[in-house]
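Novice: Take a look at this one; I'll ask things after.
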Ligand SMILES: Nc1ncnc2c1ncn2[C@@H]1O[C@H](COP(=O)(O)OP(=O)(O)OP(=O)(O)O)[C@@H](O)[C@H]1O
Ligand SMILES: [Mg+2]
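Residue numbers (my numbering): 215 to 794.
Written out as structure tokens, the structure reads:
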């Protein structure tokens, strides 16, 4: 019902177009239903001695046929004038909603099913509009007009049509229920088949590593056994429709024709019989049509519900009603008594975090995998709001700053950078489209990736592949660093930004970091000690709490966890250059 209301709401934007369309629609079906009547009039007026009337009605038939065709085309054109902008309007609205939704929504979503919800939903808009306003409306009006004509010829024929209509409607609803329940099973099998195919495509490298081609082939064949059964069950329901509706309608048609023919000696004319036959033969097919259109609505209603249901998702990280503007960001960051639990989870990820990062300083977060380092960064960006406590920038609660403003102050080189399936230039300039080529080149130079780009045969226009697959881990990371530097933010966050780099590139990046960190606040989430040694402050996290803070030398002197990890790394037997 809510879906229906939403659909009507979107249609509300096309009131005038709908009114014109429905008028033409009604004219179209009325003209079409005049055919049997004009045939009757031609026959009833056939007279060897005086053909005038016959020619007159032949003229009317000509107008009905030619005009009907013209009006029908006009009708389809008017429907498109509504359907095309309607589809665009709904798609844009849903897309905007998805973009506006929280990080938490995107973490939970299944991209594959979201894309198919989009595609199926858009198809449903077209199908439901067509079924309700074009097909069913048209058919019902046609049957009503036919009923009027038939009652005029003979009341019994009219009543027979009414009875036929009622019986067929009961049959139609019964058959639709049966058909759709078989469709659910068929869809499930179909989804499982596509699931196996998609999964294999995505994991093609794992399949190759394990030479598992035959295994995958077999997995698919096994699934096809169940699929075949479900396809047959589903397709047999259509045969049931052919047999039941077909038989009932044929018998009804014969009864009506019998009444008409047997009425010939009781005042009915040959023209009347032709009129009855014209209507009943056409109505015979209209019932199949009615079945398929009502089924169409039932089938697509679910898709439409899923599609428009996307609009029901709530944003949990809300914008401030009267946002504060920061005229000039200094870059002071404060985490005040932070506690955090991920949505739909129970486990405390952060607890009692109190930390002040001075404007322009360089701070390192270190700690075991899963300690909560990246989570802290997510809170800073308002990907989530803390369950307890406040995050402040330059003394202002970040909940009071508009999300877009906040995020434009901070640039992040994420732990696992992903790129758009586009060119290197597109990806690098993503955060600042208006950047000049000189600026783009400069940030690439700082990130030590310029030389690599310039050596590529297609240079800046090189396509990086889906999620950046055509680049190595280190190249992707350096590109992400350049992308962040280009936005010239007040706060720079490197989340493990140098983990994929060889020692030589890492050194160069660090030198660049030295330069860029002079004018900004820099947070480095690091596993490698080489990156944290010269930090103004090192924050050691463990299981969501801060256990030590200080400069490298202080922490070493203190002889706590940091010192232990430092020793492990620098004096470790295997020389592994990692904390964990
Ligand atoms: N979206 C999420 N939903 C639920 N739990 C999550 C989510 N993201 C992370 N976690 C959990 O939160 C904890 C902290 O994760 P976080 O990514 O902050 O760790 P980290 O310190 O950055 O670790 P690493 O050094 O491995 O990157 C982990 O136990 C992780 O499993
Ligand atoms: Mg992390």
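Glycine included, C-beta positions come from ideal geometry on N, C-alpha and C.
1) When burial is assigned at 16 or more other CB atoms within 10 Å of the CB, is residue 776 buried or exposed?
2) Using the C-alpha atoms, what's the distance from residue 365 back to residue 457?
3) Here's the rule I'm using: 16 or more other beta-carbon atoms within 10 Å means buried, otherwise exposed. How should residue 680 be labelled?
4) Rounded to the nearest angstrom, what separates residue 774 and residue 783 at their Cα positions?
5) In angstroms, rounded to a whole number, what distance separates the CA positions of residue 638 and residue 620?
6) My assumption, with CB atoms under 8 Å, is that residue 579 sits in contact with residue 398. Please give the rounded CB distance.
7) Examine ligand 2 and report whether any of its heavy atoms sits within less than 7 Å of the Cβ of residue 745.
8) Do you know how far the Cα of residue 331 is from the Cα of residue 517?
9) Nearest to residue 646 by alpha carbon, out of 410, 622, 491, 689?
10) Measure the C-alpha to C-alpha separation of residue 601 and residue 553 and round it to an integer number of angstroms.
11) Have a look at the DSSP bridge pairing and note the partners of residue 538.
12) If we ignore side chains and look at the alpha-carbon of each, how far apart do residue 384 and residue 486 end up?
13) Which word fits residue 320, buried or exposed, when buried means at least 16 other C-beta atoms lie within 10 angstroms of its C-beta?
14) Rounded to the nearest angstrom, what separates residue 687 and residue 232 at their Cα positions?
15) Just verifying my parser: in three-state terms, what is the DSSP assignment at residue 632?
16) Let me check you understand the geometry: is the CB of residue 324 closer than 7 Å to at least one non-hydrogen atom of ligand 1?
17) Pick out whichever of 373, 308, 378, 240 has its Cα sitting closest to the Cα of residue 351.
18) Name the DSSP beta bridge partners of residue 305, please?
19) How close, in whole Å, do the beta carbons of residue 670 and residue 678 come, if the pair is a contact with beta carbons under 8 Å?
20) Can you list, in chain order, the residues of its chain whose CB lies under 6 Å from that of residue 701, leaving out five sequence neighbours each side?
21) Determine the DSSP secondary structure at residue 271, reduced to helix, strand or coil.
22) Compute the distance between the beta-carbons of residue 499 and residue 445, then report whether it is under 8 Å.
23) From residue 220 to residue 302, what does the alpha carbon distance come to, in whole angstroms?
24) Along the beta strand (DSSP E) that carries residue 709, what are the first and last residues, could you check?
25) Taking only heavy atoms of ligand 2 into account, decide whether any of them is closer than 7 Å to the Cβ of residue 414.
26) Which ranges does the alpha helix (DSSP H) cover as unbroken runs of at least 4 residues, wholly within the segment 459-491, from first to last along the chain?
27) Going by Cα to Cα distance, which pick from 544, 565, 538, 560 is closest to residue 611?
28) Are the Cβ atoms of residue 585 and residue 756 separated by less than 8 Å?
29) To which residues of the same chain is residue 748 closer than 7 Å at the C-beta, ignoring the five residues directly before and after it?
30) Cα-Cα, which of 342, 272, 317 is closest to residue 293?
31) Name the DSSP beta bridge partners of residue 569, please?
32) Could you have a look at residue 575 and say whether DSSP puts it in helix, strand or coil?
33) What I want to know is whether the C-beta of residue 710 ends up closer than 7 Å to one or more non-hydrogen atoms of ligand 2.
34) For residue 565, which of 460, 708, 555, 574 has the nearest alpha-carbon?
35) Using only alpha-carbon positions, find the residue among 497, 652, 697, 525 that is nearest to residue 355.
36) Which residues mark the beginning and the end of the alpha helix (DSSP H) in which residue 759 is found?
Specialist: Once the coordinates are examined:
1) buried
2) 28 Å
3) exposed
4) 15 Å
5) 26 Å
6) Not quite, the Cβ-Cβ distance comes to about 49 Å (not below 8 Å), so this is no contact.
7) No, the beta carbon of residue 745 sits no closer than 7 Å to any heavy atom of ligand 2.
8) The alpha-carbon atoms of residue 517 and residue 331 are separated by roughly 7 Å.
9) 622
10) 6 Å
11) Answer is 615.
12) 30 Å
13) Exposed.
14) 55 Å
15) If DSSP states are grouped into helix, strand and coil, residue 632 belongs with coil.
16) no
17) 240
18) DSSP lists no partner for residue 305.
19) That pair is no contact at about 10 Å.
20) 625, 645, 646
21) helix
22) No; because the gap between Cβ atoms is not below 8 Å, this pair is not in contact.
23) Computed Cα separation, rounded: 15 Å.
24) 705-709
25) no
26) none
27) 538
28) yes
29) none
30) 342
31) 549
32) coil
33) yes
34) Checking every option, the nearest Cα to that of residue 565 belongs to 555.
35) 497
36) No alpha helix (DSSP H) holds residue 759; the beta strand (DSSP E) holding it covers 759-764.
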